[in-house]
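I have placed the structure first, in the form of structure tokens, so that the comments after it can refer back to it.
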């Protein structure tokens, strides 16, 4: 079993749809959680950090459930420009970051 | 402009010919790390460095070396490249010394070993 698991998708949704991604992690000592976005094999870029209380940034909402060891990302009112691969990142200690394999999203007109 | 710079961006080489991929950051970050990305395997950590002269293995360190003589530079060395090291490589640095903050990535280096 992988340390960090994501549904690879692909998710194909129409513009305006709401889509949710989940990510589970196996290390209960994990401390920091992030969602990154990656376009066409370019470098990943931070989308959101994920906090225990949940956090929102415009159309994006991230949540963390430590008891069940999963994090989620909700995208509302999807735009064509949201098409990308979304990577879940979990950090258990100061040095080591573990990435999920990514979930591919395609938003269609 | 704050950035992480990798070179070369693209390289085709042959088995056994030593090569170095350089990584430099201008943000005075203490933490730096190397990853490789392969289809179906995601991003995997090769080595990381918490500070100058402090390096440690990630998940896939075999066949790689690193050094951290200066804070801004963290080169990745392939002493004897093999075809299974054909991959897309990313260098990243972190703002906070504890390594818990946002990872800033370089643009990537696409390496092909024939």
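Residue numbers (the numbering used here), protein chains in the order written: chain Y, 33 to 141; chain W, 61 to 174. Note that the Cβ used here is the ideal one computed from N, Cα and C, for glycine as well.
Taking all protein chains in view, the Cβ of residue 114 of chain W is surrounded by fewer than 16 other Cβ atoms within 10 Å, so the residue is classified as exposed. When DSSP states are grouped into helix, strand and coil, residue 116 of chain W belongs to the strand group. Contact check between the segment 96-113 of chain W and the segment 140-155 of chain W: three or more CB pairs, one atom from each, fall below 8 Å, which counts as touching. Remark: C-beta atoms of residue 132 of chain W and residue 85 of chain W approach each other more closely than 7 Å. For residue 133 of chain Y, the chain W residues whose Cβ falls inside 9 Å of its Cβ are 100, 101, 102 and 103, in order along the chain. Listed along chain W, the residues sitting closer than 8 Å to residue 76 of chain Y by beta-carbon distance are 103, 150, 163 and 165. Among the residues facing chain W, residue 41 of chain Y is not included, as its CB has no counterpart in that chain under 7 Å away. Cβ neighbours of residue 172 of chain W within its own chain (closer than 6 Å, five residues either side excluded): 72 and 146. The C-beta of residue 124 of chain W comes no closer than 7 Å to any C-beta of chain Y. For residue 127 of chain Y, the nearest beta carbon of chain W is closer than 7 Å to its own beta carbon.
If you ignore the 5 residues before and after residue 170 of chain W, its C-beta comes within less than 6 Å of the C-beta of 70 and 148, all in its own chain and listed in chain order. In this structure, the alpha-carbon of residue 95 of chain Y lies about 7 Å from that of residue 84 of chain Y. Only those residues of the segment 68-87 of chain W whose C-beta falls short of 7 Å from the nearest C-beta of chain Y would be listed, and there are none.
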